[in-house]
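Residue numbers (the working numbering), protein chains in the order written: chain A, 100 to 432; chain B, 5 to 337.
Cβ atoms here follow ideal geometry from the backbone N, Cα and C, with glycine treated the same way.
The structure displayed is predicted, hence computed values, not measured ones.
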Amino acid sequence: MTDAASPLLSVRNLTVTFGSGAHSVSAVAGISFEIAEGETLGLVGESGCGKSTTGKALMKIVAPSSGTIELDGVDITRLRGRALRNARTRMQMIFQDPISSLNPRRRVRDIVAEPLDAWKSATGSARETIVRTLLNEVGIDPDVYGARYPREFSGGQCQRISIARSLAMRPKLLICDEVVSALDVSVQAQILNLLEDLKAEYGLTLLFIAHDLAVVKNVSDRVAVMYLGKICEIGPSDVLYEAPAHPYTKFLLGAALEADPDVTVRGEVLQGEPPSPLDPPSGCRFRTRCPFATDLCASDEPALREVAPGHHVACHFPLTTLGSSPSPSPILG
Amino acid sequence: MSTQLLVVDDLHTTFRTAAGLVAAVGGVSFDLATNETVGIVGESGSGKTVLARTIMGLQPRSNVEVRGSVLLDGHQVVGASEREMRERWATDVSMVFQDPMTSLNPVMRIGRQIDETLRVRLGMDKRAARARAIELLAMVGMPSAEHRYRAYPTQLSGGMRQRVVIATALACSPKLLIADEPTTGLDVTIQAQILNLLDDLKEQLHMSVILITHDLGVVATRTSRIIVMYAGRIVEMGATRDVFFRHRMPYTRALLESSPKVSNPSHTRLRVIPGRPPNLSTLTSGCAFAPRCSSASERCHQERPSLEPAEEPGHVFACWHPLAATELHEAPR
Numbered sequence: 100m101t102d103a104a105s106p107l108l109s110v111r112n113l114t115v116t117f118g119s120g121a122h123s124v125s126a127v128a129g130i131s132f133e134i135a136e137g138e139t140l141g142l143v144g145e146s147g148c149g150k151s152t153t154g155k156a157l158m159k160i161v162a163p164s165s166g167t168i169e170l171d172g173v174d175i176t177r178l179r180g181r182a183l184r185n186a187r188t189r190m191q192m193i194f195q196d197p198i199s200s201l202n203p204r205r206r207v208r209d210i211v212a213e214p215l216d217a218w219k220s221a222t223g224s225a226r227e228t229i230v231r232t233l234l235n236e237v238g239i240d241p242d243v244y245g246a247r248y249p250r251e252f253s254g255g256q257c258q259r260i261s262i263a264r265s266l267a268m269r270p271k272l273l274i275c276d277e278v279v280s281a282l283d284v285s286v287q288a289q290i291l292n293l294l295e296d297l298k299a300e301y302g303l304t305l306l307f308i309a310h311d312l313a314v315v316k317n318v319s320d321r322v323a324v325m326y327l328g329k330i331c332e333i334g335p336s337d338v339l340y341e342a343p344a345h346p347y348t349k350f351l352l353g354a355a356l357e358a359d360p361d362v363t364v365r366g367e368v369l370q371g372e373p374p375s376p377l378d379p380p381s382g383c384r385f386r387t388r389c390p391f392a393t394d395l396c397a398s399d400e401p402a403l404r405e406v407a408p409g410h411h412v413a414c415h416f417p418l419t420t421l422g423s424s425p426s427p428s429p430i431l432g
Numbered sequence: 005m006s007t008q009l010l011v012v013d014d015l016h017t018t019f020r021t022a023a024g025l026v027a028a029v030g031g032v033s034f035d036l037a038t039n040e041t042v043g044i045v046g047e048s049g050s051g052k053t054v055l056a057r058t059i060m061g062l063q064p065r066s067n068v069e070v071r072g073s074v075l076l077d078g079h080q081v082v083g084a085s086e087r088e089m090r091e092r093w094a095t096d097v098s099m100v101f102q103d104p105m106t107s108l109n110p111v112m113r114i115g116r117q118i119d120e121t122l123r124v125r126l127g128m129d130k131r132a133a134r135a136r137a138i139e140l141l142a143m144v145g146m147p148s149a150e151h152r153y154r155a156y157p158t159q160l161s162g163g164m165r166q167r168v169v170i171a172t173a174l175a176c177s178p179k180l181l182i183a184d185e186p187t188t189g190l191d192v193t194i195q196a197q198i199l200n201l202l203d204d205l206k207e208q209l210h211m212s213v214i215l216i217t218h219d220l221g222v223v224a225t226r227t228s229r230i231i232v233m234y235a236g237r238i239v240e241m242g243a244t245r246d247v248f249f250r251h252r253m254p255y256t257r258a259l260l261e262s263s264p265k266v267s268n269p270s271h272t273r274l275r276v277i278p279g280r281p282p283n284l285s286t287l288t289s290g291c292a293f294a295p296r297c298s299s300a301s302e303r304c305h306q307e308r309p310s311l312e313p314a315e316e317p318g319h320v321f322a323c324w325h326p327l328a329a330t331e332l333h334e335a336p337r
């Protein structure tokens, strides 16, 4: 899946800084990754790690401070005006709160048609056909529900409507930001399966941002783990979950609660909380909570390096494949 | 049965609303032993929070009808006045709510909020209460407790606020702690810290705990028994392992199978149940799960099944067409 020759999306050294001077916060502090066409990249991390800001920066909802974002070979950070508007049709974003992302004063069928109206790309019966197809696709009966308002729907149904709207312009890249975290488990499963189906049908490429590790693994081909604005590990999902190389990933997975009484997680629990992004630690940003940190971690920032094919980790002392202890000597650049 | 701290018998909580009567809790019976942790799981609207608030005697007095019996340490809660309940809150029963920010007073220093309980309920003087509050903050793992005593809730992170709420709830060493989604808004690593803390404190203070959650992962390893609720009723109850591996009620299975698991390979298709939890104001006389159940028959729509014992002691389920007892879901060990 990771066809490095022609990634659909290629992000290089992306930073997003809010504020200026002493009060500036780099929510995203120089991250690079690629997503191949048809691939799903999961982005996990705790709150405040910059995962949502990354998604918004890709959509240029917030302005990137530096770095490049290439979509289909075109750097969208340089685009302005009409060219940017054009580029945006190829990517869409779905948000966490399905109810507040829908206009409460518009009917469902008009909400779904909004992108078509904005672009005047389909009118009359063509517009209606597209809307009906999309609503059917996401499991909302257009005859029964098309004329209703968002308030008449549950969270899961509103999320379906958001998904239908996001597909109206046939985007290539879909950015899903915590799209199932507000939903009940039975409804969450429906939406996850729906996304998988639509991805296959529409040939979508997904960036799936979520804090729930089980959900992310379920939908992703590869997973990137963020901590305090940086990517600390990225690799194929099964490999990353099986043998995490970054201590933070290991702790994160260790803290994930499995719905299985036989899986006891009691043991190593990460202590403390992430430091303030206003004043990130020198060197490796995880070192203040890392049990394996040394002086090297404080002085030198580890770069992302490949530990196995397609598996990159930013750590001076990556965990061995046994996943229990750090390798004896640092891997030096 | 003399060791039972809590005995809930045929409890009904009905709200009178503009849309008619809503039976949020529709006949719930269970008991809880001293120093036991029981988990209550269910989706939103299943009545788990209303049940908890009824046990606390926290329901509003108007437009709510509570029938049945809640014996807490031998004393009846149903029908008790607020004045009577004031004597029992904090010392007999305490509650930790989901959102720590709304359970704390934003313009009051956190120390004050803890020692308020101590002064009012235990009649401690200011100095003793302050010392005890700092002790409690240290007990719940608040770093530099003495310093944080003077902090306002907004100066703390979500995890730290939840620790303050727990410290307040435990200030008078209650016999029963009801934790309603205590970790839902928190990050996974913080969630693990808080759940471990609750576990430790339960042993230390010899409390009984009711852990309410929608997340089966939270209750899998931390409870001795699990109660599964659907539409205001208990649909299955039993020892934690029995509910996970020998469940008989199709809804329990659906709940377990629709949650993604970290141990599953990525792109595992989730087994979903159609539809969503029912509207409590339009419940029929039949099984509330019948409209979503694949094995539902005519009888299920007409007649509500009562709780029947399964083979294992203490394991009960409500279903006309239970999953076969041979259909065991024992995990390979």
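- Here residue 343 of chain A is near residue 418 of chain A, since their CB atoms are less than 9 angstroms apart.
- In this structure, DSSP gives residue 116 of chain A an extended state, which the three-state scheme calls strand.
- DSSP, reduced to helix, strand and coil, places residue 255 of chain A within a helical segment of the structure shown.
- Per the C-alpha coordinates, the member of B:316, B:266, B:301 and B:255 positioned closest to residue 322 of chain B is B:255.
- Assignment of residue 305 of chain B by DSSP, reduced to helix, strand and coil, places it in the helix class.
- Contact between the stretch 375–392 of chain A and the stretch 272–286 of chain B is absent: fewer than three C-beta pairs spanning the two stretches fall below 8 angstroms.
- DSSP, reduced to helix, strand and coil, places residue 255 of chain B within a helical segment of the structure shown.
- At a cut-off of 9 angstroms between beta carbons, residue 244 of chain A makes no contact with chain B.
- Between residue 192 of chain B and residue 104 of chain B, the gap from beta carbon to beta carbon reaches 9 angstroms or more.
- Nearest neighbour of residue 137 of chain B by Cα position, chosen from B:116, B:223 and B:213, turns out to be B:116.
- Taking a beta-carbon distance threshold of 9 angstroms, residue 136 of chain A does not count as an interface residue toward chain B.
- Listed by position along chain B, the residues whose Cβ is nearer than 8 angstroms to that of residue 237 of chain A form an empty set, because the closest Cβ is around 14 angstroms away.
- In this structure, residue 214 of chain A and residue 264 of chain A form a Cβ contact; the two beta carbons are roughly 7 angstroms apart against a cut-off of 8 angstroms.
- Interface flag for residue 208 of chain B against chain A is unset, since no Cβ pair is found closer than 9 angstroms.
- Pairwise C-beta distances place the stretch 155–164 of chain B out of contact with the stretch 121–141 of chain B, as fewer than three of them are shorter than 8 angstroms.
- For residue 278 of chain A, no alpha helix (DSSP H) run applies, since DSSP gives it neither H nor E.
- Where residue 106 of chain B is concerned, the enclosing alpha helix (DSSP H) starts and stops at 104–107.
- Straight through space, the alpha carbons of residue 185 of chain A and residue 19 of chain B are spaced by roughly 53 angstroms.
- With a 10 Å radius around the Cβ and a threshold of 16 neighbouring Cβ atoms, residue 201 of chain A comes out buried.
- Within the stretch 242–265 of chain B, the residues whose Cβ lies closer than 7 angstroms to some Cβ of chain A are 244, 245, 248, 258, 259, 260, 262, 263, 264 and 265, listed in chain order.
- Within chain A, not a single residue places a beta-carbon under 7 angstroms from that of residue 67 of chain B; the smallest gap is close to 23 angstroms.
- Residue-level contact check: residue 105 of chain B does not touch chain A, since none of the beta carbons of chain A fall below 9 angstroms from its beta carbon.
- Of the candidates A:284, A:287, A:258 and A:316, A:258 places its Cα closest to the Cα of residue 198 of chain A.
- As the crow flies, the alpha-carbon of residue 300 of chain B is around 7 angstroms from that of residue 325 of chain B.
- Within the same chain, and ignoring the five residues on either side of residue 156 of chain B in sequence, the residues whose Cβ sits closer than 8 angstroms to its Cβ are 110, 111, 112, 113 and 114.
- Using a CB distance below 8 angstroms, the part of the stretch 314–347 of chain A facing chain B consists of 314, 316, 317, 318, 319, 320, 336, 337 and 340, ordered along the chain.
- Out of A:124, A:362 and A:368, the CA that lies nearest to the CA of residue 347 of chain A is found in A:368.
- Taking residue 311 of chain A as reference, the option from A:161, A:390, A:150 and A:296 with the minimal CA-CA separation is A:150.
- Residue-level contact by beta carbon holds for residue 357 of chain A and chain B, with a gap shorter than 9 angstroms.
- A direct Cα-to-Cα measurement between residue 280 of chain A and residue 242 of chain A gives close to 29 angstroms.
- Distance from the Cα of residue 229 of chain B is smallest, within the candidate group B:7, B:236, B:99 and B:40, for B:40.
- Looking from the CA of residue 373 of chain A, the closest CA among A:406, A:329 and A:109 belongs to A:329.
- When CB distances to chain B are screened at a threshold of 8 angstroms, not a single residue of the stretch 202–223 of chain A falls below it.
- The stretch 274–292 of chain B and the stretch 46–56 of chain B touch, with three or more beta-carbon pairs separated by less than 8 angstroms.
- Residue 222 of chain B carries a helical assignment under DSSP once its states are collapsed to helix, strand and coil.
- As the crow flies, the alpha-carbon of residue 318 of chain B is around 11 angstroms from that of residue 244 of chain B.
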